[in-house]
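Novice: Let me give you the structure first, and then I'll get to my questions.
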Amino acid sequence: MFALKNRLAEYDLATADFYLRREAWIAAINRTQELQKTYPDTEAARKSLEIQLEAYQQLGLTDAIERTKQLMQLNPL
């Protein structure tokens, strides 16, 4: 069951990365937030913070950037 959960989380991470590369910042943020809620205990959830941070930076959302940086410090890879 754990392997399946990781696989689904990795798929969501790849989708978020796809949105990031297409400069669909809001879609990337939405996908990473959903991944973090659905699969919080996976490595993909921690990796998704990097995508989320990049999208927030592109949008210039300073409060969200700081919050995400704090989460990254609390959940290192």
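Note that UniProt numbering has the sequence shown beginning at 1, numbered continuously upward.
For glycine and all other residues, C-beta sits at the position ideal for the given N, C-alpha and C.
Keep in mind it's a predicted model, so treat the numbers as computed, not measured.
Comparing C-alpha positions only, which one of Leu59, Gln57, Leu13 sits nearest to lysine 37?
Specialist: Taking the first residue of the sequence shown as 1, we reach residue 37 at position 37. The shortest Cα separation from lysine 37 among Leu59, Gln57, Leu13 belongs to Leu13.
Novice: At the level of alpha carbons, what is the spacing between alanine 16 and alanine 28?
Specialist: Your numbering for residue 16 matches position 16 in the sequence shown. Your numbering for residue 28 matches position 28 in the sequence shown. For alanine 16 and alanine 28, the distance between alpha carbons rounds to 5 Å.
Novice: Spatial neighbours of residue 78 within its chain, please: CB distance less than 7 Å, with the 5 preceding and 5 following residues excluded, ordered by chain position.
Specialist: With the chain covering only 1 through 77, there is no way to say anything about residue 78.
Novice: Whole angstroms are fine: how far does the CA of leucine 59 sit from the CA of alanine 24?
Specialist: In the sequence shown, the residue the question calls residue 24 occupies position 24. In the sequence shown, the residue the question calls residue 59 occupies position 59. So the two alpha carbons sit approximately 10 Å from each other.
Novice: On a Cα-Cα basis, can you pick out the residue from Arg7, Thr42, Leu35 that is closest to glutamine 52?
Specialist: Here residue 52 refers to the residue found at position 52 of the sequence shown. Out of Arg7, Thr42, Leu35, Leu35 has the C-alpha closest to the C-alpha of glutamine 52.
Novice: Hey, leucine 4 and arginine 46: beta-carbon distance below 7 Å or not?
Specialist: Taking the first residue of the sequence shown as position 1, residue 4 is located at position 4. Taking the first residue of the sequence shown as position 1, residue 46 is located at position 46. Their beta carbons are not under 7 Å apart, which means leucine 4 does not touch arginine 46 by this criterion.
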